[in-house]
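Take the sequence shown: its letters are residues 1 to 333, numbered as in UniProt numbering.
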Amino acid sequence: MGDNGSAAQVCIPKFDGDYEHWTLLMENLLRSKEYWTVISPGIREPAEGEELTVVQQRTLDELRLKDLKAKNYLFSSIDRTLLKTIAKKGTARELWESMKEKFQGSARVQKAQLQVLRRNFELLEMKEGETISEYFGRVMVIANTMRNCGEDMSYGKVVEKILRTLTERFNYVVCSIEESKDIDSLTVDALQSSLLVHEQKFSRKVTKMVTEDDQALRASYDYGRGGRGLGRGYGPGRGRGRGWNKEAVECFKCHKLGHYKYECPDWYNDQHAHYVSSSQVQTRAQGDMKDDVLLMACVDSEGSIELEEEAQGFMALLEDIKQDSHEDWWFLD
Numbered sequence: 001m002g003d004n005g006s007a008a009q010v011c012i013p014k015f016d017g018d019y020e021h022w023t024l025l026m027e028n029l030l031r032s033k034e035y036w037t038v039i040s041p042g043i044r045e046p047a048e049g050e051e052l053t054v055v056q057q058r059t060l061d062e063l064r065l066k067d068l069k070a071k072n073y074l075f076s077s078i079d080r081t082l083l084k085t086i087a088k089k090g091t092a093r094e095l096w097e098s099m100k101e102k103f104q105g106s107a108r109v110q111k112a113q114l115q116v117l118r119r120n121f122e123l124l125e126m127k128e129g130e131t132i133s134e135y136f137g138r139v140m141v142i143a144n145t146m147r148n149c150g151e152d153m154s155y156g157k158v159v160e161k162i163l164r165t166l167t168e169r170f171n172y173v174v175c176s177i178e179e180s181k182d183i184d185s186l187t188v189d190a191l192q193s194s195l196l197v198h199e200q201k202f203s204r205k206v207t208k209m210v211t212e213d214d215q216a217l218r219a220s221y222d223y224g225r226g227g228r229g230l231g232r233g234y235g236p237g238r239g240r241g242r243g244w245n246k247e248a249v250e251c252f253k254c255h256k257l258g259h260y261k262y263e264c265p266d267w268y269n270d271q272h273a274h275y276v277s278s279s280q281v282q283t284r285a286q287g288d289m290k291d292d293v294l295l296m297a298c299v300d301s302e303g304s305i306e307l308e309e310e311a312q313g314f315m316a317l318l319e320d321i322k323q324d325s326h327e328d329w330w331f332l333d
C-alpha cells in the first residue's frame with residue numbers, strides 16, 4: 001500500500017527525444033524504487049522442466065511483480081506513438097534494450113557517432129562574450145555523450161581541454177591555476193567555481209568603467225549646456241542641430257555670441273566682395289605690398305564691364321609671370 005501511495009506522487013520523466021537525458025532520469029527512478037534489478041541483470045526464467053524450491057519460486061514471483069511495476073513506469077514515460085514502433089515489450093529489460101537500440105544504435109553506429117563527437121570535442125573553444133557557465137555546459141554535453149558511447153572520458157581530460165581553450169582574458173587565471181593546483185586531481189566543479197569568481201571580478205570592473213565614462217560624459221554635456229564649453233567654437237557648445245545651447249557659440253566673423261559664422265547677418269550687409277585689380281596684383285608680385293592680399297571677385301549688374309577689363313589685365317599679368325624666372329607664385333581664384 002505504501003508503495004502504491006508513493007508511486008502516485010512520483011514525477012515520471014517523459015521521453016522528449018533526448019535519449020541520454022531520459023536514460024539518466026529513468027535509471028535513477030528505477031534504482032530508487034529498487035526495480036533496476038529487473039533491467040540489469042534481468043529476470044532469469046527457469047528452463048523447461050526445471051523444478052524450483054519454495055524459496056526460489058517466491059523470489060521469482062517477487063521479481064515478476066517488480067518487472068510489471070518497472071514496465072508501468074516505462075510505459076508512462078514513452079509516448080503512445082513511439083511505443084507502437086517498439087517491437088519487444090515482453091519484459092522491462094526487453095523494452096529498455098529496444099529503446100537503447102532504437103536511439104543509441106548498435107556498436108557500429110556508436111563507433112561512427114563517437115568519431116563525430118571526438119572531432120567536435122577537439123574543435124571546442126570558448127567564444128568571445130560567452131560566460132563560463134555556458135561554455136562548461138557545451139563541453140560537458142559532448143563529454144557525457146562520449147562517455148555514454150563508451151569513450152574513456154576522464155575529468156582530468158575535460159579540465160585540460162577547458163584550460164587551453166578559454167579566451168585571452170583568462171590567461172593569467174589559467175597560469176595561476178596550473179602553478180598552484182594539481183590538474184590531474186582538479187575536478188570540473190572546482191575549476192568552474194574558481195573561474196566564476198574571476199568572471200564576476202571582470203564584470204564588476206567593466207561595470208565600474210562604464211559607469212565612470214557615463215558620468216564623465218554627462219558632466220561634459222551639462223557643462224556645455226550651461227556655459228561656453230571648452231573655448232571658441234569647441235567643446236559641447238559647438239554642436240549643431242543636436243539640442244545644444246547656441247548661446248555659448250561665438251561667431252568667427254562678427255565675434256558675437258548666439259550664432260555661427262555661416263548664420264552671421266553681417267554677410268547680408270555687404271553689397272559685394274572686394275576684388276584686387278591687376279595693378280595691385282603686379283605691385284604685390286614686385287614685392288611692394290607688405291600685407292597679404294586675398295584675390296576675390298564678385299560679378300554684379302553695375303560693375304560687370306569694369307570687372308571684365310580688370311580680368312583681361314590679370315590674364316595679361318599671368319602671361320608675364322610665366323616668362324619670369326620665379327616658380328613659386330601662388331594665386332587664389
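Ideal Cβ placement from N, Cα and C applies to all residues, glycine included.
- Query: To which residues of the same chain is L191 closer than 6 Å at the C-beta, ignoring the five residues directly before and after it?
  - Reply: As a position in the sequence shown, residue 191 is number 191, starting the count at 1. Within its own chain, the residues whose Cβ lies closer than 6 Å to the Cβ of L191, once the five positions on either side in sequence are excluded, are V159, listed in chain order.
- Query: Around the Cβ of D266, are there at least 16 other Cβ atoms within 10 angstroms (buried) or fewer (exposed)?
  - Reply: Stepping through the sequence shown from its first residue, residue 266 is reached at position 266. Exposed: under 16 other Cβ atoms inside 10 Å.
- Taking Cβ positions, are L186 and M126 nearer each other than 8 Å? Counting from one through the sequence shown, the residue named residue 186 turns up at place 186. Counting from one through the sequence shown, the residue named residue 126 turns up at place 126. No, Cβ-Cβ distance for L186 and M126 is not below 8 Å.
- Cβ distance (whole Å) where K71 is taken to contact L52 below 8 Å: Indexing the sequence shown from 1 puts residue 71 at position 71. Indexing the sequence shown from 1 puts residue 52 at position 52. Approximately 23 Å separates the beta-carbon atoms of K71 and L52; this is outside 8 Å, ruling out the contact.
- Output the distance between the C-alpha atoms of S193 and T145, rounded to the nearest integer angstrom. Here residue 193 corresponds to residue number 193 of the sequence shown, with the count starting at 1. Here residue 145 corresponds to residue number 145 of the sequence shown, with the count starting at 1. Each residue's alpha carbon lies about 23 Å from the other.
- Item | Backbone secondary structure at L257 - three-state DSSP | For this step, residue 257 is matched to residue 257 along the sequence shown. Collapsing the DSSP output to three states places L257 in a strand.
- Task: Could you round the C-beta distance between K88 and S77 to whole angstroms and report it? I think they count as a contact, below 8 Å.
- Result: As a working mapping, residue 88 is identified with position 88 in the sequence shown. As a working mapping, residue 77 is identified with position 77 in the sequence shown. Going by Cβ atoms, the distance from K88 to S77 rounds to 17 Å, so no, they are not a contact pair.
- Task: With a 10 Å radius around its C-beta and 16 neighbouring C-beta atoms as the bar for buried, classify T91 as buried or exposed.
- Result: Indexing the sequence shown from 1 puts residue 91 at position 91. Under a 10 Å Cβ-count criterion, T91 is classified as buried, with 16 or more other Cβ atoms of the shown protein chains found around its own Cβ.
- Task: Say whether the region 31-49 touches the region 57-72, bearing in mind that this needs 3 or more beta-carbon pairs closer than 8 Å, one atom from each stretch.
- Result: Enough Cβ pairs lie closer than 8 Å, so yes.
- Considering only the beta carbon of each residue, do V141 and K161 sit closer than 8 Å? Reading the sequence shown from its first residue, position 141 is the one you call residue 141. Reading the sequence shown from its first residue, position 161 is the one you call residue 161. When the beta-carbon positions are compared, V141 and K161 stay at least 8 Å from each other.
- Item | Beta carbon of Y35 nearer than 8 Å to that of K69 | Translated into the one-based positions of the sequence shown, residue 35 becomes position 35. Translated into the one-based positions of the sequence shown, residue 69 becomes position 69. In contact: Y35 and K69 (Cβ atoms closer than 8 Å).
- Pick out whichever of F170, Y262, Y73 and D67 has its Cα sitting closest to the Cα of G129. The residue labelled residue 129 in the question sits at position 129 within the sequence shown. Of the listed residues, the one whose Cα sits closest to G129 is F170.
- Query: Taking Y199 as the reference, which of V174, L24 and L114 has the closest Cα?
  - Reply: Numbered from its first residue, the sequence shown carries residue 199 at position 199. A small fix is needed here, since residue 199 is Glu in this sequence, not Tyr. When only C-alpha atoms are compared, the closest one is V174.
- Item | Which residues DSSP lists as bridging E250, in chain order | As a position in the sequence shown, residue 250 is number 250, starting the count at 1. Its beta-bridge partners are L257.
- Message: Counting only beta-carbon separations shorter than 8 Å, does A248 have a partner in chain C?
- Response: Among the chains in the structure shown there is no chain C, since it carries only a single protein chain.
- Nearest-angstrom Cα separation, counted from Q56 out to N120: Stepping through the sequence shown from its first residue, residue 120 is reached at position 120. Stepping through the sequence shown from its first residue, residue 56 is reached at position 56. Rounded to the nearest angstrom, the two C-alpha atoms are 51 Å apart.
- Query: Are there 16 or more other CB atoms within 10 angstroms of the CB of S133, so buried, or fewer, so exposed?
  - Reply: As a position in the sequence shown, residue 133 is number 133, starting the count at 1. The residue is exposed, with fewer than 16 neighbouring Cβ atoms inside 10 Å.
- Taking the continuous alpha helix (DSSP H) assigned at S76, which residues delimit it? As a first step, residue 76 must be located in the sequence shown, where it is residue number 76. Here the alpha helix (DSSP H) through S76 covers V54 to S77.
- Query: Since G105 and Q115 are thought to touch, with beta carbons under 8 Å apart, how far apart are those beta carbons, to the nearest angstrom?
  - Reply: Taking the sequence shown and counting its residues from 1, one reaches residue 105 at position 105. Taking the sequence shown and counting its residues from 1, one reaches residue 115 at position 115. No, G105 and Q115 are not in contact; Cβ-Cβ is about 13 Å, not under 8 Å.
- Query: Based on Cα-Cα distance, which residue from K84, F75 and V38 lies nearest to R64?
  - Reply: Against the sequence shown, residue 64 aligns to sequence position 64. Minimum Cα distance to R64 is reached at V38.
- Is the CB-CB distance between K253 and K261 below 8 Å? Residue 253 sits at position 253 when you count from the first residue of the sequence shown. Residue 261 sits at position 261 when you count from the first residue of the sequence shown. Yes, Cβ-Cβ distance for K253 and K261 is below 8 Å.
- Message: How far does the alpha helix (DSSP H) with F103 in it extend, from its first residue to its last?
- Response: Residue 103 sits at position 103 when you count from the first residue of the sequence shown. DSSP places F103 in the uninterrupted alpha helix (DSSP H) bounded by A92 to F103.
- Could you give the distance in angstroms between the alpha-carbon of R164 and the alpha-carbon of D79? Taking the sequence shown and counting its residues from 1, one reaches residue 164 at position 164. Taking the sequence shown and counting its residues from 1, one reaches residue 79 at position 79. Spanning the two alpha carbons is a distance of roughly 43 Å.
- Message: Can you look up D184 in the DSSP assignment and give me helix, strand or coil?
- Response: On the sequence shown, residue 184 is found 184 positions in, with the first residue counted as 1. In the structure shown, D184 sits in a helix (DSSP, three-state: H, G or I).
- Item | Span of the alpha helix (DSSP H), counted from its first residue to its last, around M140 | For the purposes of this step, residue 140 is identified with residue 140 of the sequence shown, where counting begins at 1. I132 to N148 is the span of the alpha helix (DSSP H), which, as asked, contains M140.
- How would you write the range of the alpha helix (DSSP H) that G156 sits in, first residue to last? Against the sequence shown, residue 156 aligns to sequence position 156. Residues Y155 to L163.
- Query: Using DSSP with H/G/I as helix, E/B as strand and the rest coil, what is residue 362?
  - Reply: Within the shown structure, residues of the chain are numbered from 1 to 333, placing residue 362 beyond reach of any answer.
- Skipping 5 residues on each side, what residues in its chain have a beta carbon closer than 8 Å to that of R118? Along the sequence shown, one-based indexing puts residue 118 at 118. The answer, listed in chain order, is M146 and E151.
- Under a Cβ-count criterion, where at least 16 other Cβ atoms within 10 Å of its own Cβ denotes burial, should E168 be classed as buried or exposed? Mapped onto the sequence shown, residue 168 falls at position 168. Here E168 is exposed. Its C-beta has fewer than 16 other C-beta atoms within 10 Å.
- Straight-line CA distance for S40 to I183? To locate residue 40, count along the sequence shown from 1; it is residue 40. To locate residue 183, count along the sequence shown from 1; it is residue 183. Rounded to the nearest angstrom, the two C-alpha atoms are 36 Å apart.
- Query: Where does D189 sit, in a helix, a strand or coil, going by DSSP?
  - Reply: On the sequence shown, residue 189 is found 189 positions in, with the first residue counted as 1. Helix at D189.
- Message: What would DSSP say about D18, mapped onto helix, strand or coil?
- Response: Locating residue 18 in the sequence shown gives position 18, counting from the first residue. Coil.
- Inter-residue CB distance, V10 and L29 (contact presumed, cutoff 8 Å): Within the sequence shown, the letter at position 10 stands for residue 10. Within the sequence shown, the letter at position 29 stands for residue 29. Contact flag correct, Cβ pair sits at about 7 Å.
- In its own chain, which residues sit with a C-beta less than 6 Å from the C-beta of G233, not counting the 5 before and 5 after it? In the sequence shown, counting from the first residue as 1, residue 233 sits at position 233. Since pLDDT at G233 reaches only 44, below the 50 mark, its modelled position is unreliable, and the value read off the structure follows with that caveat. Within the same chain, and ignoring the five residues on either side of G233 in sequence, no residue has its Cβ closer than 6 Å to its Cβ.
- Relative to the alpha-carbon of R93, which residue among T81, L82 and F75 has its alpha-carbon at the smallest distance? Working through the sequence shown from its first residue, we reach residue 93 at position 93. The residue with the shortest Cα to Cα distance from R93 is F75.
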